[in-house]
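**Student:** Can you read through this structure? Questions will come right after.
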Amino acid sequence: MPVAQKRQDMGIGGAALKRVAAEEVFDARGRVLAPALAEALDVSLRKIAKTAHLTERALRSNPTSERLQKPGRKIAVLLARLDDLLGSRRSTLIWLKSPRPQLDQASPLDLLIQGDFPSVETLVYALESGQPI
Numbered sequence: 417m418p419v420a421q422k423r424q425d426m427g428i429g430g431a432a433l434k435r436v437a438a439e440e441v442f443d444a445r446g447r448v449l450a451p452a453l454a455e456a457l458d459v460s461l462r463k464i465a466k467t468a469h470l471t472e473r474a475l476r477s478n479p480t481s482e483r484l485q486k487p488g489r490k491i492a493v494l495l496a497r498l499d500d501l502l503g504s505r506r507s508t509l510i511w512l513k514s515p516r517p518q519l520d521q522a523s524p525l526d527l528l529i530q531g532d533f534p535s536v537e538t539l540v541y542a543l544e545s546g547q548p549i
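Going by the numbering used here, the sequence shown wraps up at 549, each residue one higher than the last.
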């Protein structure tokens, strides 16, 4: 049975998957692709490399590096949550790139690039649950 049919039978079509993770950042085998992640976040490949603790050159030669997978998946999930919450990728990018007083005037994107996922996840959770931020 084709994968698409299995997904449909399980009630997880393309729209449902999009809410789980920003699927445009994955390749056909489910690996995070560095250039696609950079494009989705509207940042340079150098910043994505920093997230994975790699050089830009290393990431260019291996765009699905194992070291990118864990942070890349976390970012893909946050992108989908924010897209769903804020209504568009444009709004998501504006939110991610705007300095936040709760983050000592750093932007959520800056913290994601540095690997501080818990701080950003806490803010996203607060938004989702309607808490004032």
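Ideal placement from N, C-alpha and C gives every residue a C-beta, glycine not left out.
Extract the residue ranges of the alpha helix (DSSP H) inside the stretch 484-545, only unbroken runs of 4 or more that lie entirely within it.
**Tutor:** Fully enclosed alpha helix (DSSP H) runs of 4 or longer: 505-513, 524-530 and 533-544.
**Student:** Do you know offhand how far arginine 473's Cα is from serine 523's?
**Tutor:** Between the alpha carbons of arginine 473 and serine 523 lies a gap of roughly 26 Å.
**Student:** Might you give, ordered along the chain, the residues of its own chain that have their beta carbon closer than 6 Å to the beta carbon of aspartate 443, omitting 5 neighbours on each side?
**Tutor:** Leu449
**Student:** Taking buried to mean at least 16 other C-beta atoms within 10 Å of its own C-beta, is alanine 456 buried or exposed?
**Tutor:** buried
**Student:** Looking at the secondary structure, which residues open and close the alpha helix (DSSP H) in which alanine 452 lies?
**Tutor:** 450-457
**Student:** What number of angstroms, rounded off, separates the C-alpha of aspartate 500 from the C-alpha of tyrosine 541?
**Tutor:** 13 Å
**Student:** With distances taken between CB atoms, is the gap from alanine 496 to alanine 454 smaller than 7 Å?
**Tutor:** Judged by beta-carbon spacing, alanine 454 lies beyond the 7 Å limit of alanine 496, meaning their Cβ atoms are not closer than that value.
**Student:** I'd like the list of long-range same chain contacts for glycine 488, defined as Cβ closer than 6 Å, with 5 residues on each side in sequence excluded.
**Tutor:** Val448 and Leu453
**Student:** Taking the beta carbon of glycine 491 as the centre, do at least 16 other beta carbons fall within 10 Å, making it buried, or is it exposed?
**Tutor:** Residue 491 is actually isoleucine in this sequence, not glycine. It counts as buried.
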